[in-house]
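Trainee: The structure under discussion is supplied below as structure tokens; questions concerning it will follow.
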Amino acid sequence: MRASSIRKALPQDEKAIREIAEAAYGIYLERMDKKPAPMLEDYAARIAAGQAYALDDGKCVQAFMVLVPQDGETMLLDNIAVRPQCQKSGYGMALMSRAEHIARDAGKKWIILYTNEAMHENLAWYPRLGYEDFEHRTENGYRRVYFRKAL
18 MRASSIRKAL
28 PQDEKAIREI
38 AEAAYGIYLE
48 RMDKKPAPML
58 EDYAARIAAG
68 QAYALDDGKC
78 VQAFMVLVPQ
88 DGETMLLDNI
98 AVRPQCQKSG
108 YGMALMSRAE
118 HIARDAGKKW
128 IILYTNEAMH
138 ENLAWYPRLG
148 YEDFEHRTEN
158 GYRRVYFRKA
168 L
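In structure tokens, the structure reads:
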């Protein structure tokens, strides 16, 4: 992985974050009957709430994640995406590691995340990182698989 930093996203990062979401989730359009939820997200609101993090390689934002504290012992990793040309660079792993670190520092005991059933790559990736599938549900017309990991 090239030298990079993970930091809270800034308002000027919104355009790059939106571009990353469009590119990273666009590959799923042919598998789904509607746009993936991350393509419709209000990233300006996530940035303003301090929930968005940007991975910057010194040139530009190459990846991002959205972390949302939940009540009790849980942190939700609501979204994670890497520019397609930067995938397999270690950026996703770096973000996952940072998400777990932030959740631990916040006193959380669990990190949860979800992915769409159509996103087969994610269904295989999360268990390799120690996440267990614990729930399947339909929300807002999306068939989601929830994963969790004890911290």
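All residue numbers for the sequence shown refer to my numbering, where the first residue is 18 and numbers rise by one. Ideal placement from N, C-alpha and C gives every residue a C-beta, glycine not left out.
#1: For the alpha helix (DSSP H) containing residue 110, name the first residue and the last one.
#2: Which first and last residues belong to the alpha helix (DSSP H) in which residue 42 is found?
#3: Ignoring anything shorter than 3 residues or poking outside the region 42–85, list the beta strand (DSSP E) runs there in chain order.
#4: Counting along the chain, where does the alpha helix (DSSP H) carrying residue 143 start and finish?
#5: Quick check on DSSP: helix, strand or coil for residue 148?
#6: Locate the beta strand (DSSP E) running through residue 88, then write down its first and last residues.
Mentor: Taking the definition as stated:
#1: On the sequence shown, residue 110 is found 93 positions in, with the first residue counted as 1. That run of the alpha helix (DSSP H) goes 108–122.
#2: For this step, residue 42 is matched to residue 25 along the sequence shown. Element bounds for residue 42: 31–43.
#3: Within the region 42–85, the complete beta strand (DSSP E) runs of at least 3 residues are 69–73.
#4: If you number the sequence shown from 1, residue 143 lands on position 126. Run containing residue 143: 137–145, per the alpha helix (DSSP H) assignment.
#5: Walking along the sequence shown from the start, residue 148 turns up at place 131. In the three-state DSSP reduction, residue 148 falls in the coil class, being neither helix nor strand.
#6: As a working note, residue 88 is residue 71 in the sequence shown. Per DSSP, residue 88 belongs to no beta strand (DSSP E) and is neither H nor E.
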